[in-house]
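**Student:** Going down the list, the sequences are from chains A and B. So that you can map any letter, position 137 of the first sequence is 137 in my numbering, and since no number is skipped, the others follow by simple counting. So that you can map any letter, position 263 of the second sequence is 263 in my numbering, and since no number is skipped, the others follow by simple counting. Where a beta carbon is used, it is the ideal one built from N, C-alpha and C, also for glycine. Quick one: structure below, then a few questions.
2 protein chains.
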Amino acid sequence: MKQIGVGILGLGVVGSGVVRILQGHHDDFLRDQEIDLRIVAVSSRRDAQARELGLLDVYSSDPSSVTLNPEVDVVVELMGGTDTAYQCISDALKAGKSVVTANKALIATRGRELMYLAAEHGGELAFEASVGGGIPIIGPLRHTLASNRILSVMGIVNGTTNYMLGRMKDAGLDYDSALAEAQQLGYAEADPTADVEGYDAAAKIAILAMISFNTDVRLDQVATEGISGISVTDMHAAEEAGYVLKLLAIARREPAGIDIRVHPTMVAKTHPLASVNGVYNAIYIVGDAVGETMFYGRGAGEGPAASSVVGDLIELARHKAYRETIIQPVWDTEGLPLISDGDLESTFYLRLPVPDRPGTLAASATIFAELGISIASMVQHAATDDQAELIFFTHKAPVGAVAEALKRLNDSGILTGTASCIRTIA
Amino acid sequence: MKQIGVGILGLGVVGSGVVRILQGHHDDFLRDQEIDLRIVAVSSRRDAQARELGLLDVYSSDPSSVTLNPEVDVVVELMGGTDTAYQCISDALKAGKSVVTANKALIATRGRELMYLAAEHGGELAFEASVGGGIPIIGPLRHTLASNRILSVMGIVNGTTNYMLGRMKDAGLDYDSALAEAQQLGYAEADPTADVEGYDAAAKIAILAMISFNTDVRLDQVATEGISGISVTDMHAAEEAGYVLKLLAIARREPAGIDIRVHPTMVAKTHPLASVNGVYNAIYIVGDAVGETMFYGRGAGEGPAASSVVGDLIELARHKAYRETIIQPVWDTEGLPLISDGDLESTFYLRLPVPDRPGTLAASATIFAELGISIASMVQHAATDDQAELIFFTHKAPVGAVAEALKRLNDSGILTGTASCIRTIA
Chain A
1 MKQIGVGILG
11 LGVVGSGVVR
21 ILQGHHDDFL
31 RDQEIDLRIV
41 AVSSRRDAQA
51 RELGLLDVYS
61 SDPSSVTLNP
71 EVDVVVELMG
81 GTDTAYQCIS
91 DALKAGKSVV
101 TANKALIATR
111 GRELMYLAAE
121 HGGELAFEAS
131 VGGGIPIIGP
141 LRHTLASNRI
151 LSVMGIVNGT
161 TNYMLGRMKD
171 AGLDYDSALA
181 EAQQLGYAEA
191 DPTADVEGYD
201 AAAKIAILAM
211 ISFNTDVRLD
221 QVATEGISGI
231 SVTDMHAAEE
241 AGYVLKLLAI
251 ARREPAGIDI
261 RVHPTMVAKT
271 HPLASVNGVY
281 NAIYIVGDAV
291 GETMFYGRGA
301 GEGPAASSVV
311 GDLIELARHK
321 AYRETIIQPV
331 WDTEGLPLIS
341 DGDLESTFYL
351 RLPVPDRPGT
361 LAASATIFAE
371 LGISIASMVQ
381 HAATDDQAEL
391 IFFTHKAPVG
401 AVAEALKRLN
411 DSGILTGTAS
421 CIRTIA
Chain B
1 MKQIGVGILG
11 LGVVGSGVVR
21 ILQGHHDDFL
31 RDQEIDLRIV
41 AVSSRRDAQA
51 RELGLLDVYS
61 SDPSSVTLNP
71 EVDVVVELMG
81 GTDTAYQCIS
91 DALKAGKSVV
101 TANKALIATR
111 GRELMYLAAE
121 HGGELAFEAS
131 VGGGIPIIGP
141 LRHTLASNRI
151 LSVMGIVNGT
161 TNYMLGRMKD
171 AGLDYDSALA
181 EAQQLGYAEA
191 DPTADVEGYD
201 AAAKIAILAM
211 ISFNTDVRLD
221 QVATEGISGI
231 SVTDMHAAEE
241 AGYVLKLLAI
251 ARREPAGIDI
261 RVHPTMVAKT
271 HPLASVNGVY
281 NAIYIVGDAV
291 GETMFYGRGA
301 GEGPAASSVV
311 GDLIELARHK
321 AYRETIIQPV
331 WDTEGLPLIS
341 DGDLESTFYL
351 RLPVPDRPGT
361 LAASATIFAE
371 LGISIASMVQ
381 HAATDDQAEL
391 IFFTHKAPVG
401 AVAEALKRLN
411 DSGILTGTAS
421 CIRTIA
């Protein structure tokens with residue numbers, strides 16, 4: 001029976017959850033995994049949590065009491081932020097320790113650098129909890145699905161926005177009311193920017209793309225659009241046409257390279273992602289051998305995140321205890337380029353606010369025709385007395401052509417407000 | 001770069017798929033996983049497939065040319081059946097080789113014995129493809145979710161019956177027509193017994209229970225009921241009440257032990273399993289930390305099964321190549337008893353064919369009342385001129401009490417035909 005020293009940085013919600021699992025399941029892991037996981041050092045800004053969890057005797061406010069502690073074999077980093085966290089993780093890796101983290105912002109920006117550092121010093125870096133909370137996704141991609149060339153990864157990876165879109169659809173709330181409700185329930189933060197503008201989802205898809213395609217992808221390379229522009233009118237139009245509006249994070253392997261982006265998408269109701277509701281997350285993967293698979297569960301919260309952190313911890317601890325497999329770092333073996341969105345094709349939903357008078361339909365249809373954009377269906381809604389809305393669903397069209405059509409529509413003076421333009425998937 | 005010799009037993013659909021992945025992705029695995037996987041021996045009854053796959057020079061009709069071949073490090077067993085397969089796998093394990101198999105019947109009956117044999121001789125036994133085809137499920141249970149106490153596992157693990165039930169629901173086909181159609185499409189075999197009577201699902205849930213609960217469960221301990229008794233009337237009643245009829249395989253950890261069974265179940269439409277359609281499979285797991293998760297994908301077919309087999313093969317090959325982690329065998333560490341179904345509680349759907357005359361409702365309601373079975377809702381359908389159908393949905397009731405109610409209803413002479421009794425889940 002091998003004893004493994006665990007050091008924990010950060011005793012917030014997830015950190016406390018990790019401690020509770022380690023305390024509650026210590027004997028289970030001893031019996032089933034043959035490892036004796038001992039919390040030998042913890043650090044957080046204040047000692048209140050350490051006191052509450054009975055860990056005051058191993059507490060210090062100084063993180064280096066964890067990262068440089070010779071009794072610590074595996075460090076669990078749950079302090080958040082990027083600068084101090086980066087410093088702590090590199091200190092620990094340079095000291096030959098393995099590290100588990102849930103820090104998506106850090107992994108999505110400097111993850112590869114840290115993985116190389118781990119490999120160089122004989123340790124490992126694991127970060128299952130950085131994507132999809134409790135949903136096992138990095139594990140399956142690196143183990144069972146390693147047999148596949150991954151063709152695409154698409155996910156609903158932000159519970160806050162999925163909850164808000166669900167309330168806009170089911171209760172008819174507008175964006176502001178849905179946000180206020182999510183904040184009241186604790187699903188959205190006081191400053192909701194990271195969630196509603198899609199940055200949280202962008203960090204997660206960057207990590208998923210890095211793992212899926214063995215290639216270097218960073219957060220700042222993800223084209224990102226949030227949900228703050230979504231109107232109730234768009235929700236209804238989606239519903240009527242057999243779609244559900246979701247904030248999707250998408251990464252695809254195309255012949256020319258990697259296509260990666262986050263934006264609101266109308267998902268056909270028959271697609272497995274369409275029935276992922278509330279704060280649940282799901283990640284949909286297509287591989288060349290396995291075909292379609294989907295992984296579903298809670299994307300956030302103490303239990304789910306702690307579940308993934310401890311799952312990683314057990315694996316790294318077993319490796320340390322039995323001098324076993326070092327998980328392959330994600331080498332940039334393929335070195336695929338990122339491709340520009342404008343070169344791709346997609347199907348679109350377009351909603352154009354126009355004056356209710358003859359000729360507006362003909363004028364907009366002409367612009368689409370000139371750019372070779374083929375219309376799959378069209379409806380006109382009367383909005384107010386002298387206003388109408390033209391709603392188009394297109395066949396596959398070049399993304400660049402649709403952007404140009406919107407520009408020409410704006411220039412033409414036909415529009416009486418801002419047009420909506422949302423991609424659709426079947 | 002380590003070279004690993006692969007030997008393959010059986011070159012049917014899945015075996016050929018495995019060969020095609022190994023041939024097509026050889027350089028990817030070399031680059032990303034740092035292993036050089038070489039097919040050094042294959043065996044099947046006839047040499048036609050070996051010839052077609054360009055493997056005639058390593059072909060023999062004698063399985064021992066694979067299992068006892070000193071150049072073979074990992075054996076892939078895809079011959080099917082249980083007796084010869086058992087012999088081949090134990091020969092290989094005794095020779096210190098690791099083994100990957102998709103053989104659910106064998107693993108569900110003698111899996112634990114083979115796992116101990118592997119551990120004794122320093123090899124490993126992996127069987128991801130034995131459950132859920134291409135869906136990564138055993139991997140996640142043994143890696144990421146190892147941090148959890150698994151509370152329940154429920155799955156739609158048989159694509160044939162899921163396809164048939166879908167066609168009965170959506171196209172109004174009766175059982176026989178749905179079966180004939182499934183056979184025509186190649187989804188059901190000429191002898192469909194293993195699928196429609198639930199034995200295939202029973203083997204899979206036995207394996208899932210063994211992994212999830214660290215306890216010994218065998219195929220013959222699973223209470224199994226298939227779909228051959230399902231009528232279109234039951235489908236409609238389910239639809240009307242907000243349920244979908246699915247063949248569920250269920251294993252739950254109860255205070256007294258393990259509850260394990262396979263039977264048709266009415267699943268509330270809001271449950272994630274309700275929207276799993278066609279030949280797709282899904283496995284829904286509840287863990288004490290992670291909460292609800294679900295894994296979805298193709299449960300059968302060349303690509304999906306071969307994907308899981310090669311995923312296992314890569315992992316075992318890396319262990320062999322780098323003398324790394326031996327996956328923990330599933331020790332019977334908890335030794336939980338199986339509990340009798342009659343001691344449990346469930347909610348039920350009951351359909352009683354009765355004569356259309358006064359007093360039948362009162363008579364049946366009285367029997368339920370006497371046994372303490374509380375009714376949640378009730379409707380009466382006129383079936384033919386002098387026949388009616390009473391449809392009850394119950395609150396939670398002891399399984400034994402409901403069985404007794406059915407017995408008393410039968411004895412009372414009220415029923416004009418066979419009653420339907422199907423469990424429901426919300």
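Closer than 9 angstroms, CB to CB, is Ile21(B) near chain A or not?
**Tutor:** True, the Cβ-Cβ gap to chain A drops below 9 angstroms.
**Student:** Run through DSSP, which three-state label would Thr109(A) get?
**Tutor:** In this structure, Thr109(A) counts as helix in the three-state DSSP scheme.
**Student:** Does the beta carbon of Ala426(A) come closer than 9 angstroms to any beta carbon on chain B?
**Tutor:** Answer no: the Cβ-Cβ gap between Ala426(A) and chain B never drops below 9 angstroms.
**Student:** If you measure between the beta carbons of Thr416(B) and Gln387(B), is that distance less than 9 angstroms?
**Tutor:** Yes, the pair counts as a contact, with Cβ atoms nearer than the cut-off.
**Student:** Buried or exposed for Pro353(A), please, with buried defined as at least 16 other CB atoms from any protein chain shown within 10 angstroms of its CB.
**Tutor:** Buried: at least 16 other Cβ atoms inside 10 Å.
**Student:** If you draw a straight line from the alpha carbon of Val232(B) to that of Ser420(B), how long is it in whole angstroms?
**Tutor:** Straight-line Cα distance between these residues: approximately 12 angstroms.
**Student:** Specify the secondary structure class of Glu292(A) as computed by DSSP and reduced to three states.
**Tutor:** Residue state, collapsed to three classes: strand.
**Student:** Applying the criterion that 16 or more other CB atoms from any shown protein chain within 10 Å of the CB defines a buried residue, is Met184(A) buried or exposed?
**Tutor:** According to the sequence as given, residue 184(A) is Gln; it is not Met. Exposed, since its Cβ has fewer than 16 Cβ neighbours within 10 Å.
**Student:** Counting pairs of Cβ atoms below 8 angstroms between the segment 150 to 164 of chain B and the segment 195 to 211 of chain B, do you hit three or more?
**Tutor:** With a cut-off of 8 angstroms, the segment 195 to 211 of chain B and the segment 150 to 164 of chain B count as touching, because enough Cβ pairs lie within range.
**Student:** As an exercise, report each continuous beta strand (DSSP E) stretch of at least 3 residues that is fully enclosed by the segment 71 to 101 of chain B, in chain order.
**Tutor:** With a minimum length of 3 residues, the continuous beta strand (DSSP E) runs that stay inside the segment 71 to 101 of chain B are 74 to 77 and 98 to 101.
**Student:** Inspect the beta-carbon positions of Gly5(A) and Val72(A) and report whether they are closer than 9 angstroms.
**Tutor:** Contact: yes.
**Student:** As a quick exercise: from Gly287(A), Gln23(A), Val310(A) and Asp259(A), pick the residue whose alpha carbon is nearest that of Pro140(B).
**Tutor:** For Pro140(B), the nearest C-alpha among the options comes from Val310(A).
**Student:** For Pro136(A) and Leu53(B), I'd like the C-alpha separation in whole angstroms.
**Tutor:** Going from the Cα of Pro136(A) to the Cα of Leu53(B) covers about 35 angstroms.
**Student:** Going along the chain, which unbroken runs of the alpha helix (DSSP H) with 4 or more residues stay wholly within the segment 197 to 263 of chain B?
**Tutor:** As far as the segment 197 to 263 of chain B is concerned, its whole alpha helix (DSSP H) runs of at least 4 residues are 199 to 213 and 232 to 240.
**Student:** Which word fits Gln33(B), buried or exposed, when buried means at least 16 other C-beta atoms lie within 10 angstroms of its C-beta?
**Tutor:** Its Cβ being crowded by 16 or more others within 10 Å, Gln33(B) is buried.
**Student:** Beta-carbon within less than 6 angstroms of Thr293(A)'s beta-carbon, same chain only, minus the 5 sequence neighbours each way: which residues are those?
**Tutor:** For Thr293(A), where only same-chain residues beyond five positions count, the Cβ hits under 6 angstroms are Ile285.
**Student:** Rounding to the nearest angstrom, what Cα-Cα distance links Pro304(B) and Ile391(B) in this structure?
**Tutor:** Near 40 angstroms, if we compare the C-alpha coordinates of Ile391(B) and Pro304(B).
**Student:** With the cut-off set at 9 angstroms, would you say His26(A) and Asp36(A) are in Cβ contact?
**Tutor:** Cβ atoms of His26(A) and Asp36(A): closer than 9 angstroms.
**Student:** With 9 angstroms as the threshold, decide whether the Cβ of Met294(A) is near any Cβ in chain B.
**Tutor:** Interface residue, yes.
**Student:** Between the segment 102 to 110 of chain A and the segment 166 to 186 of chain A, are three or more C-beta pairs nearer than 8 angstroms?
**Tutor:** Not touching, per the Cβ criterion.
**Student:** Let me confirm a value: His395(A) is counted as buried when at least 16 other C-beta atoms fall within 10 Å, else exposed. Which label applies?
**Tutor:** Exposed: under 16 other Cβ atoms inside 10 Å.
**Student:** Can you list the residues of chain B that Ala238(A) reaches, using a CB-CB cut of under 7 angstroms?
**Tutor:** Simply none; closest approach about 18 angstroms.
**Student:** For the alpha helix (DSSP H) containing Ser177(B), list its first residue and its last residue.
**Tutor:** Tyr175 to Gln184 is the span of the alpha helix (DSSP H), which, as asked, contains Ser177(B).
**Student:** Can you give the Cα-Cα distance for Ala362(B) and Tyr349(B), rounded to whole angstroms?
**Tutor:** Between Ala362(B) and Tyr349(B), the C-alpha separation is close to 18 angstroms.
**Student:** Please name the residue in Ser340(B), Asp343(B) and Ser308(B) whose C-alpha comes closest to that of Leu78(B).
**Tutor:** The shortest C-alpha separation from Leu78(B) is found at Ser308(B).
**Student:** Give the single residue among Glu315(A), Ala317(A) and Ser61(A) whose Cα lies nearest to the Cα of Arg46(A).
**Tutor:** Selected option, being the one with the closest Cα: Ser61(A).
**Student:** Per DSSP, what kind of secondary structure is Thr270(A) in: helix, strand or coil?
**Tutor:** Of the three classes helix, strand and coil, the one that applies to Thr270(A) here is coil, per DSSP.
**Student:** Can you tell which of Asp200(A), Gly291(A), Met235(A) and Ala238(A) has the C-alpha that lies nearest to the C-alpha of Val222(A)?
**Tutor:** If we check each option's Cα against that of Val222(A), Asp200(A) comes out closest.
**Student:** Just list the beta strand (DSSP E) runs in the segment 21 to 49 of chain B, keeping only unbroken ones of 3 residues or longer that don't cross its boundaries, in chain order.
**Tutor:** As far as the segment 21 to 49 of chain B is concerned, its whole beta strand (DSSP E) runs of at least 3 residues are 35 to 43.
**Student:** Could you give the C-beta distance for Ile422(B) and Asp195(B), rounded to a whole number, given that I count them as a contact under 8 angstroms?
**Tutor:** About 19 angstroms; that fails the 8 angstroms criterion.
**Student:** Looking at C-beta atoms only, is the number of pairs between the segment 245 to 252 of chain A and the segment 104 to 115 of chain A that lie closer than 8 angstroms three or more?
**Tutor:** Counting Cβ pairs under 8 angstroms, fewer than three are found: no touch.
**Student:** Along chain A, in chain order, which residues have C-beta atoms closer than 9 angstroms to that of Ala105(B)?
**Tutor:** Within chain A, no residue comes near Ala105(B); the closest Cβ sits about 21 angstroms away, beyond 9 angstroms.
**Student:** Indicate the three-state DSSP secondary structure (helix, strand or coil) for Leu344(B) in the structure shown.
**Tutor:** Leu344(B) falls in the coil class under three-state DSSP.
**Student:** Alpha helix (DSSP H) containing Arg423(B): first to last residue?
**Tutor:** No alpha helix (DSSP H) contains Arg423(B), which is instead part of the beta strand (DSSP E) from Ser420 to Ile425.
**Student:** Do Ile258(A) and Val217(A) have their C-beta atoms within less than 9 angstroms of each other?
**Tutor:** In this structure, Val217(A) lies closer than 9 angstroms to Ile258(A) by Cβ.
**Student:** Classify Leu145(B) as helix, strand or coil using the three-state DSSP reduction.
**Tutor:** If DSSP states are grouped into helix, strand and coil, Leu145(B) belongs with the helices.
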